[in-house]
Amino acid sequence: MSWFEEWFDSPLYEQLYSNRNEVEAALLADLIEKNIPRFRYPQILDLGCGRGRHSITLALRGYRVAGVDLSEEAIKLAKQRAREKGAEVDFIIGDMRDSLNLRFDAIVNLFTTFGYFADDSENEKVISNASSMLKPEGLLMIDFFNSKVVVEKLVPGDAGSFKNLNFHITRYIKDGMVFKKILFEGPQNTKPVQYIERVKLYDLDWFREVYKNHHLELISVYGNYEGDPFDTETSPRLIMLCRKTGQPE
């Protein structure tokens, strides 16, 4: 089992990240609406949708949304949340590297839901697959971190607790990847439990080459959720907008 299958299906994942920044989520939705207006791109796929936070937000803003994720637990929770909020989203269990045999006006891959595979070719498959599912002139937005800033400002570790459960986080760089080890200890566990997150450190040049290989034209690059221009030295995010060009794959 891969690290992301094990970790993302764990109930501890939901507890650790239960207080994610909703202001950032709203800003990102605004940025999507600005660059992917729903009257021109009504049908959108959230590739790697997780527990549906962004999918549901976009559906409530008027898009026709499908969300795909490998985690059965995530999809189960996403469906539950969509029902609770009255949002219509087609949530699907699936691998980001595999085609749904559907075509979309736009595809989004958000909040660093990319670079999970150790092999570069497997990560490239995600982009190749996204391109294959786009209609002609369709748009792809990938929201990744700025690898240079991640490396230079890496916090080696921190700790905290919730519901009588302590956690210790260790971060380090190795083999072109950023690793995050999360150790849980406390009454809920008879023994310590550890999970690992691992993401490849890709830069804009790497993405440019991959986009060219898969009929994608890079048209805009932002450095944060407010939509400011990307700066390699200072921007926290690397948010890329591409248009599908050329012949369908």
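Residue numbers (this note's numbering): 16 to 264. We put the CB at the ideal spot given by N, CA and C, even for glycine. Model, not experiment: these values are computed from the prediction.
Separation of residue j from residue i, as counted between CA atoms
{"i": "Tyr131", "j": "Leu125", "result": "13 angstroms"}
{"i": "Phe194", "j": "Asn179", "result": "26 angstroms"}
{"i": "Leu60", "j": "Val80", "result": "6 angstroms"}
{"i": "Glu264", "j": "Arg112", "result": "In this prediction, Glu264 has a pLDDT of 45, which is less than 50 and means its spatial position is unreliable; what the coordinates show is noted afterwards. Cα to Cα, the separation comes out at about 14 angstroms."}
{"i": "Ile157", "j": "Gly201", "result": "37 angstroms"}
{"i": "Leu258", "j": "Leu154", "result": "For clarity, residue 258 is Arg in the given sequence; the question names Leu instead. Using only the alpha carbons, I get a separation of about 5 angstroms."}
{"i": "Leu31", "j": "Gly261", "result": "43 angstroms"}
{"i": "Leu85", "j": "Asp110", "result": "5 angstroms"}
{"i": "Phe160", "j": "Arg53", "result": "26 angstroms"}
{"i": "Glu248", "j": "Arg98", "result": "42 angstroms"}
{"i": "Ser162", "j": "Ser235", "result": "18 angstroms"}
{"i": "Asn271", "j": "Ser17", "result": "With the chain covering 16 to 264 only, the question about residue 271 has no answer from this structure."}
{"i": "Tyr56", "j": "Phe199", "result": "43 angstroms"}
{"i": "Ser250", "j": "Tyr240", "result": "10 angstroms"}
{"i": "Ala40", "j": "Val165", "result": "20 angstroms"}
{"i": "Asp135", "j": "Glu21", "result": "21 angstroms"}
{"i": "Lys91", "j": "Ile197", "result": "24 angstroms"}
{"i": "Leu233", "j": "Arg223", "result": "7 angstroms"}
{"i": "Asn141", "j": "Leu43", "result": "The sequence given here has Val at residue 141, not Asn. Between Val141 and Leu43, the C-alpha separation is close to 21 angstroms."}
{"i": "Lys206", "j": "Lys49", "result": "48 angstroms"}
{"i": "Phe129", "j": "Asn138", "result": "7 angstroms"}
{"i": "Thr127", "j": "Leu62", "result": "11 angstroms"}
{"i": "Gln58", "j": "Arg68", "result": "17 angstroms"}
{"i": "Leu27", "j": "Val208", "result": "10 angstroms"}
{"i": "Arg76", "j": "Lys168", "result": "35 angstroms"}
{"i": "Lys189", "j": "Phe19", "result": "18 angstroms"}
{"i": "Ser114", "j": "Ser143", "result": "10 angstroms"}
Anticipated Cβ contact below 8 angstroms, residue i with residue j, distance rounded
{"i": "Glu87", "j": "Ile71", "result": "The Cβ separation is near 18 angstroms, so there is no contact."}
{"i": "Leu253", "j": "Phe245", "result": "6 angstroms"}
{"i": "Ala93", "j": "Gly82", "result": "6 angstroms"}
{"i": "Arg66", "j": "Arg96", "result": "7 angstroms"}
{"i": "Ile47", "j": "Val123", "result": "6 angstroms"}
{"i": "Val214", "j": "Met192", "result": "6 angstroms"}
{"i": "Tyr237", "j": "Ser25", "result": "Going by Cβ atoms, the distance from Tyr237 to Ser25 rounds to 32 angstroms, so no, they are not a contact pair."}
DSSP bridge partner residues for residue i (one or two, in chain order)
{"i": "Arg252", "result": "Phe160"}
{"i": "Tyr15", "result": "Residue 15 lies beyond the range of the chain shown here (16 to 264); nothing can be said about it."}
{"i": "Gly310", "result": "Given a span of 16 to 264 for the chain in the structure shown, any question on residue 310 remains unanswerable."}
{"i": "Gly172", "result": "Thr185"}
{"i": "Leu155", "result": "Ile122, Cys257"}
{"i": "Glu232", "result": "Arg258"}
Neighbour flag for residue i against chain B, beta carbons, 8 angstroms
{"i": "Arg98", "result": "Judged by its chain identifiers, the structure shown contains no chain B, having just a single protein chain."}
Let me know the beta strand (DSSP E) ranges lying completely inside the stretch 176-222, each 3 residues or longer, listed in chain order. As far as the stretch 176-222 is concerned, its whole beta strand (DSSP E) runs of at least 3 residues are 180-189, 192-200, 208-215.
inquiry  = When you compare the stretch 133-153 with the stretch 164-178, are there three or more beta-carbon pairs, one atom per stretch, that lie closer than 8 angstroms?
reply    = Using a Cβ-Cβ distance cut-off of 8 angstroms, the stretch 133-153 and the stretch 164-178 are not in contact, since fewer than three pairs of beta carbons, one from each stretch, lie closer than that value.
inquiry  = Would you call the stretch 214-223 in contact with the stretch 180-187, where contact means no fewer than 3 C-beta pairs closer than 8 angstroms?
reply    = Cβ pair count under 8 angstroms is below three, so no.
Exercise. Any chance you could list the beta strand (DSSP E) runs of at least 3 consecutive residues sitting entirely within the stretch 90-151, in chain order?
Key: If we require 3 residues or more, the beta strand (DSSP E) runs fully inside the stretch 90-151 come out as 104-108, 119-124.
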